[in-house]
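Enquirer: This is the structure, below, for whatever I ask next.
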Amino acid sequence: MLVKNLHPEFVPNQSSGTRPKLVKDACKFIQENQIYLWSGFRLWSADNQRKRGFNLHLKRAVQVGFEALAYHANILTGVVHSSCTDMADMCGLSTVSENGNKSISRFTRMIDQLERYHLVRTERIWDREQGMWIPKLIQVTALFWSACGISEARLNGEQRKALGRLRQQKRLDGAKPEQIASFGISEAEQEARKNFIKSAFKARKRDSEIRAAKRRTKALEDKTYQEQLDIYARDILTNATSQELAALTPKELRRQAQYLRGKHQNQAHE
Numbered sequence: 001m002l003v004k005n006l007h008p009e010f011v012p013n014q015s016s017g018t019r020p021k022l023v024k025d026a027c028k029f030i031q032e033n034q035i036y037l038w039s040g041f042r043l044w045s046a047d048n049q050r051k052r053g054f055n056l057h058l059k060r061a062v063q064v065g066f067e068a069l070a071y072h073a074n075i076l077t078g079v080v081h082s083s084c085t086d087m088a089d090m091c092g093l094s095t096v097s098e099n100g101n102k103s104i105s106r107f108t109r110m111i112d113q114l115e116r117y118h119l120v121r122t123e124r125i126w127d128r129e130q131g132m133w134i135p136k137l138i139q140v141t142a143l144f145w146s147a148c149g150i151s152e153a154r155l156n157g158e159q160r161k162a163l164g165r166l167r168q169q170k171r172l173d174g175a176k177p178e179q180i181a182s183f184g185i186s187e188a189e190q191e192a193r194k195n196f197i198k199s200a201f202k203a204r205k206r207d208s209e210i211r212a213a214k215r216r217t218k219a220l221e222d223k224t225y226q227e228q229l230d231i232y233a234r235d236i237l238t239n240a241t242s243q244e245l246a247a248l249t250p251k252e253l254r255r256q257a258q259y260l261r262g263k264h265q266n267q268a269h270e
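Counting from 1, position 248 in the sequence shown corresponds to residue 248 in UniProt numbering; the numbering is continuous, with no gaps.
Below is the structure:
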């Protein structure tokens, strides 16, 4: 098997911001230790049977992937606030084919392994572009933090502090006292999962629109400006309702065609 980028390295996006000290300590532990030698990998798996050790490429993916997960994980909820595609890019585990299709299978295979050892939990979605099930949400477990050198006592203490801050924010947002009193870690997890999945689907929709715009722009690049407008105008007429058609003047049709062409041109260059 040909593997690109034999020595992947995690480089976070500049927009990721600063991280809590516990997360920084976990990342430092990962950087200073061969995390793929964690005892759990050697001793047991999901079915409590010994397994053959990881191959070299999986070891390197686990090493760099662990750091990406720890860096983006929420201490209180365990929800990883980054997509598989973004983390694969940050880790150098994504590849792009000659026709422009991106593959993140090296990263998702690593996630599959971690899930078998109960280090993460995932919710998955079918990705038509990848032709595979990929995690739409990843949640690290207490066992994950333990493998990163974070004790249970320290994790519990930081979670209590984080829960207190979250309750205080809800108080400032006008939540009722009884709602705040009943808001615990499980409620925080449910809220975080719901919010992340909502934002993830929004991001996926945008990515899908950008890919479609790039395909359309490329298909029309040999056409003249007027020919492109004619094609966009036909698309608008095909998708318009009877009420919209009745109100659509030639001038308005041309304006909409110009707008749609400009939108696709801008998206194609993102």
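The beta-carbon is built from N, C-alpha and C at its ideal position, and this holds for glycine as well.
Count the other CB atoms, across all protein chains shown, that sit within 10 Å of the CB of residue 94; report buried if there are 16 or more and exposed otherwise.
Expert: buried
Enquirer: Going by Cα to Cα distance, which pick from 163, 170 and 197 is closest to residue 186?
Expert: 163
Enquirer: When you compare the region 27-44 with the region 146-154, are there three or more beta-carbon pairs, one atom per stretch, that lie closer than 8 angstroms?
Expert: Yes, the region 27-44 touches the region 146-154.
Enquirer: With DSSP as the reference, label residue 208 as helix, strand or coil.
Expert: helix
Enquirer: Opposite residue 24 in the DSSP bridges: which residues?
Expert: For residue 24, which the question treats as bridged, DSSP gives no partner whatsoever.
Enquirer: Beta-carbon within less than 6 angstroms of residue 34's beta-carbon, same chain only, minus the 5 sequence neighbours each way: which residues are those?
Expert: none
Enquirer: Looking only at DSSP bridge pairs, what is residue 64 linked to?
Expert: DSSP lists no partner for residue 64.
Enquirer: So which of 209, 258 and 243 has the shortest CA-CA distance to residue 274?
Expert: Outside the shown range of the chain (1 to 270) lies residue 274, about which nothing can therefore be said.
Enquirer: Let me check understanding here. Comparing Cα to Cα, which of 8, 70, 184 and 206 lies closest to residue 142?
Expert: For the residues 8, 70, 184 and 206, the minimum Cα distance to residue 142 belongs to 70.
Enquirer: Can you tell which of 110, 264, 121 and 161 has the C-alpha that lies nearest to the C-alpha of residue 213?
Expert: 264
Enquirer: Is the region 60-78 touching the region 99-109, taking contact as three or more C-beta pairs under 8 angstroms?
Expert: yes
Enquirer: Should the region 234-253 be regarded as contacting the region 110-129, the criterion being three or more beta carbon pairs within less than 8 angstroms?
Expert: Segments in contact, no.
Enquirer: On the three-state DSSP scale, how would you describe residue 175?
Expert: coil
Enquirer: Going by DSSP, what residue range makes up the alpha helix (DSSP H) through residue 236?
Expert: 225-239
Enquirer: Tell me whether residue 8 is buried or exposed, calling it buried when 16 or more other Cβ atoms sit within 10 Å of its Cβ.
Expert: buried
Enquirer: Would you grab the beta carbon distance between residue 197 and residue 136 for me? Rounded to a whole angstrom, and I think it's under 8 angstroms.
Expert: Indeed they touch by this definition, with Cβ atoms about 6 angstroms apart.
Enquirer: List the endpoints of the continuous alpha helix (DSSP H) containing residue 221.
Expert: Careful: residue 221 lies outside any alpha helix (DSSP H) and carries neither H nor E.
Enquirer: Please state whether the Cβ-Cβ distance between residue 192 and residue 77 is less than 9 angstroms.
Expert: yes
Enquirer: Per DSSP, residue 73 forms a beta bridge with which residues?
Expert: In the DSSP assignment, residue 73 is bridged to 80.
Enquirer: Note the first and the last residue of the continuous alpha helix (DSSP H) segment covering residue 111.
Expert: 105-116
Enquirer: If you run the structure through DSSP and keep just helix, strand and coil, what is residue 254?
Expert: In this structure, DSSP gives residue 254 a helical state, which the three-state scheme calls helix.
Enquirer: Around the C-beta of residue 247, are 16 or more other C-beta atoms found within 10 angstroms, so that it is buried, or is it exposed?
Expert: exposed
Enquirer: With a cut-off of 8 angstroms on the beta carbons, I'd call residue 68 and residue 10 a contact; round off their distance for me.
Expert: The C-beta distance from residue 68 to residue 10 rounds to 5 angstroms, short enough to meet the 8 angstroms contact threshold.
Enquirer: Buried or exposed: where does residue 225 fall if 16 or more other Cβ atoms within 10 Å of its Cβ makes it buried?
Expert: Answer is exposed; the Cβ neighbour count stays below 16.
Enquirer: Please work out which residues of its chain come closer than 8 angstroms, Cβ to Cβ, to residue 223, disregarding the five sequence neighbours upstream and downstream, and give them in chain order.
Expert: The answer, listed in chain order, is 231.
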